[in-house]
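Using the UniProt record's numbering, the letters of the sequence shown correspond one by one to residues 1 to 162.
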Amino acid sequence: MVTRFRPDTHITGAFDDKKGLFAHLSGRLPDSKNYFLAIRIEGVFKNVTVRTAGGQSKPGESMREVGANQASHTFREPVRGTVIGFRSPEYTQGISVPGDHMHFITEDRTQGGHILALGTEGEVEISAALISQWRVELPTNDQEFKKAGLVVDAEGINKVEG
């Protein structure tokens, strides 16, 4: 997803884990469940585990196959950085990944990845933007796309997303 991030909500919060983060966002943004949200969180984080996948090795490789070749890293000490991500509504399953999809990058921009686990070291600054427009573009001159058997592997997506 891509957006021009123009936050309309600014809140603070502290949480022990991803579940706490998601609950905090839902509690503070109760009318957003049927919209996309762009989210940015800045502060000091603890117990951060991220993963990076190597990418497709051949065209048409599934998320499950790509996810099998991933590396994870846990930051042992509290680390200052930024979390960015999107929340997608449940009804977008198949085109988007419903729920929260977050990435972390360190303040010096040298390490990061898809978040598997994290908590905060005290209060963090949270900015969010409600997204009410969604545009999907499909390739028009791509023979592989035209012939591809496009089916949703919800179990594989959930496994890869963590």
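Glycine is no exception: its CB is placed at the ideal position from the N, C-alpha and C atoms.
Since the model is a prediction, treat every value here as computed from it, not as a measurement.
Legend entry - Length of the line joining the Cα atoms of residue 165 and E77: Nothing about residue 165 can be reported from this structure: the residues present for the chain run from 1 to 162 only.
Inset, instruction - Can you grab the Cα-Cα spacing for the pair E125 / S57, in whole Å? - result: Roughly 38 Å between the two C-alpha positions.
Inset, instruction - Classify T120 as buried or exposed, calling it buried when 16 or more other Cβ atoms lie within 10 Å of its own Cβ. - result: Note on T120: 16 or more other CB atoms within 10 angstroms of its CB, so buried under the neighbour-count rule.
Inset, instruction - Measure the C-alpha to C-alpha separation of Y35 and D100 and round it to an integer number of angstroms. - result: Those two C-alpha atoms are separated by around 12 Å.
Legend entry - At least 3 beta-carbon pairs within less than 8 Å: the stretch 124-143 vs the stretch 65-76: Segments in contact, no.
Legend entry - Whole-angstrom distance between A53 and N69, CA atom to CA atom: The alpha-carbon atoms of N69 and A53 are separated by roughly 6 Å.
Inset, instruction - May I have the straight-line CA-CA distance separating residue 182 from K18, to the nearest angstrom? - result: With the chain covering 1 to 162 only, the question about residue 182 has no answer from this structure.
Inset, instruction - Starting from the Cα of I84, find the closest Cα among S127, Q133 and S62 and give me that residue. - result: I84 has its Cα closest to that of S127, out of S127, Q133 and S62.
Inset, instruction - Mind checking who F45 pairs with in its DSSP beta bridge? - result: F45 pairs with V79 and T120.
Inset, instruction - Taking G43 and E123 to be in contact with their CB atoms under 8 Å, please state how far apart those CB atoms are, rounded to whole angstroms. - result: Separation of the CB atoms of G43 and E123 is rounded to 7 Å, and the pair is thereby assigned contact status at 8 Å.
Legend entry - Nearest-angstrom Cβ-Cβ length linking R40 and F86, presumed shorter than 8 Å: Going by Cβ atoms, the distance from R40 to F86 rounds to 11 Å, so no, they are not a contact pair.
Inset, instruction - Whole angstroms is fine: what's the gap from S88's alpha carbon to S26's? - result: About 12 Å.
Legend entry - Residues of its chain near Q143, where Cβ-Cβ distance is below 8 Å and the 5 sequence neighbours each way are ignored: Answer for Q143: no residue qualifies.
Inset, instruction - Give the C-beta separation of R51 and L116 to the nearest angstrom, bearing in mind that I take them to be a contact with Cβ-Cβ under 8 Å. - result: Indeed they touch by this definition, with Cβ atoms about 6 Å apart.
Legend entry - Same chain only: Cβ atoms within 7 Å of F15, ignoring 5 sequence neighbours per side: Cβ-Cβ distances below 7 Å link F15 to L21, H24, G119 and T120 in the same chain, with the five nearest sequence neighbours on each side left out; the list follows chain order.
Legend entry - Spatial neighbours of S132 in its chain, beta-carbon cut-off 7 Å, leaving aside the 5 residues before and after: Correct list, in chain order: Y35.
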